[in-house]
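The listed protein sequences correspond, in order, to chains A and B.
Counting in our numbering, the first sequence runs from 1 upward without gaps.
Counting in our numbering, the second sequence runs from 1 upward without gaps.
Backbone N, C-alpha and C define an ideal beta-carbon position, used for all residues, glycine too.
Some notes on the structure that comes next.
2 protein chains.
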Amino acid sequence: MSPDDYLAAAERYCEARGSKLTALRRQVLALVLSQPGVVKAYQVLADLQRERGAAAPPTVYRALDFLVEQGLLHRVDALNGFIVCPHFECAHEGLILVCERCGLVEEADATNSLDMLHQAAAERGFAPRRQNLVLTGTCKECHA
Amino acid sequence: MSPDDYLAAAERYCEARGSKLTALRRQVLALVLSQPGVVKAYQVLADLQRERGAAAPPTVYRALDFLVEQGLLHRVDALNGFIVCPHFECAHEGLILVCERCGLVEEADATNSLDMLHQAAAERGFAPRRQNLVLTGTCKECHA
DNA sequence: GGGCGTAATGTTATACAATAACAATCAGGT
DNA sequence: ACCTGATTGTTATTGTATAACATTACGCCC
Ligand SMILES: [Zn+2]
Ligand SMILES: [Zn+2]
Ligand SMILES: [Zn+2]
Ligand SMILES: [Zn+2]
């Protein structure tokens, strides 16, 4: 899906769920889309400053928080960064794979596998609400 | 296991695997042990400064990195913090449960469940080396 | 013991990440 | 026009982590 298509789909998605994808938020989303892999907040900030002239950290953090809230982005704690969710429409549980050789970051839809984890948590009386699962290793391309 | 017993076991463990648990590293480990739940680097730094008079961030970060490397601590990315591993002796895959009500952080040994995740990753040609898995929710005590 | 190489620690400075607090603006409803 | 709540702007600060280089401690060979 091209960035433009993604943006259009995101518009419709927010419209449908009653949240407002404002010009600023849309611009931030476009900036994230314009880069491959994981994107850092301060990188977005720098890009935004190039396009707008002035911007401060809260501006970009608020927009990123909104986008994560809507499910358009996922935050990757292990990297202090964000990735675009390729299938925000359908409810899903994310599993993030990080290649330590080439830096590739991809999202695997591992909904089934995660049931096991939730079960393991439930055995200890723990009720999970959200998750942040990262596997670090080597991707397909980088296998020695 | 008491902190003293833990420290003694850690000594033997490092000895056995040929790594050096120096006085500084041992002191940092003791400081982490002295606190419940998740511990932040700058908290350890403050404690260390109280005991030693002077210390800088690299000192505590290097010690923490060593302890994580040895498997005595786990880093919890989602919290920018560290927890003591209660069973560093046996190889295991960690799953960290974080209660958003009371702040409790515990480690569940979910080795079996994780096979599924690794399998999901393998299907994409990805070879996981290490992981950081966090579930956020409510613990047994905090269920409304 | 003296010299040597490596690992560990000390020191200073800086980079990177995130939020607090408050002001100004915008958009929709009455 | 007026009110209200959401969004954005602005300034300042706090928190997290590492770079770069100096110094010290330790094991080993001679
Ligand atoms: Zn996703
Ligand atoms: Zn790779
Ligand atoms: Zn553990
Ligand atoms: Zn709790």
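Interface flag, residue i vs chain B, CB-CB below 8 angstroms
i               : result
L135 of chain A : yes
C85 of chain A  : no
L95 of chain A  : yes
K140 of chain A : yes
L34 of chain A  : Per the sequence shown, the amino acid found at residue 34 of chain A is Ser instead of Leu. By this cut-off, S34 of chain A is not an interface position.
S2 of chain A   : no
Among the options, nearest to residue i - alpha-carbon criterion
i               : options                          : result
A91 of chain B  : B:E15, B:L133, B:A55 and B:L72   : B:L72
A157 of chain B : B:P86, B:A120, B:M1 and B:C102   : What is shown of chain B runs 1 to 144, which leaves residue 157 of chain B out entirely.
R25 of chain B  : B:C102, B:Q43 and B:L67          : B:L67
T59 of chain B  : B:G37, B:T22, B:R124 and B:R75   : B:T22
G35 of chain A  : A:V84, A:N112 and A:A10          : Per the sequence presented here, residue 35 of chain A reads as Gln, with Gly not at that position. Comparing Cα positions, the closest option is A:V84.
E51 of chain A  : A:Q27, A:V32 and A:A110          : A:Q27
Y6 of chain A   : A:L45, A:R17 and A:F88           : A:F88
I96 of chain B  : A:C99, A:A122 and A:V38          : A:A122
C99 of chain B  : A:R124, A:A46, A:A9 and A:A8     : A:R124
A78 of chain A  : A:V134, A:L33, A:D4 and A:C14    : A:V134
G103 of chain B : B:A30, B:V38 and B:A8            : B:V38
C14 of chain A  : A:E69, A:A46 and A:L117          : A:E69
T111 of chain B : A:A110, A:A56, A:M116 and A:T111 : A:M116
G94 of chain B  : B:S113, B:L29 and B:N80          : B:S113
L29 of chain A  : A:E11, A:A55 and A:R17           : A:E11
L33 of chain B  : B:D65, B:H74 and B:P3            : B:P3
A56 of chain A  : A:E106, A:L45 and A:G81          : A:L45
K20 of chain B  : B:G53, B:A63 and B:L31           : B:A63
C142 of chain B : B:R101, B:A41 and B:Y42          : B:R101
H74 of chain B  : B:A120, B:D47 and B:A41          : B:A41
L31 of chain B  : B:A16, B:V76, B:A9 and B:F82     : B:F82
V105 of chain B : B:M1, B:V76 and B:L48            : B:V76
Residue i at chain A interface by Cβ criterion, 8 angstroms
i               : result
K20 of chain B  : no
H151 of chain B : Because chain B spans 1 through 144 in this model, residue 151 of chain B falls outside it and cannot be assessed.
H143 of chain B : yes
L24 of chain B  : no
A108 of chain B : yes
F126 of chain B : yes
R130 of chain B : yes
A117 of chain B : Per the sequence shown, residue 117 of chain B should be read as Leu rather than Ala. Cβ-Cβ to chain A under 8 angstroms: yes for L117 of chain B.
A170 of chain B : No statement about residue 170 of chain B is possible, as the shown extent of chain B runs from 1 to 144 and does not include it.
A10 of chain B  : no
A120 of chain B : yes
Legend entry - Inter-stretch contact (C-beta, 8 angstroms, three-pair minimum) for the segment 129-138 of chain A and the segment 122-130 of chain B: In short, these stretches touch, since the Cβ pair count reaches three.
Legend entry - Residues within the segment 63-79 of chain B neighbouring chain A, beta-carbon criterion of under 8 angstroms: D77 and A78
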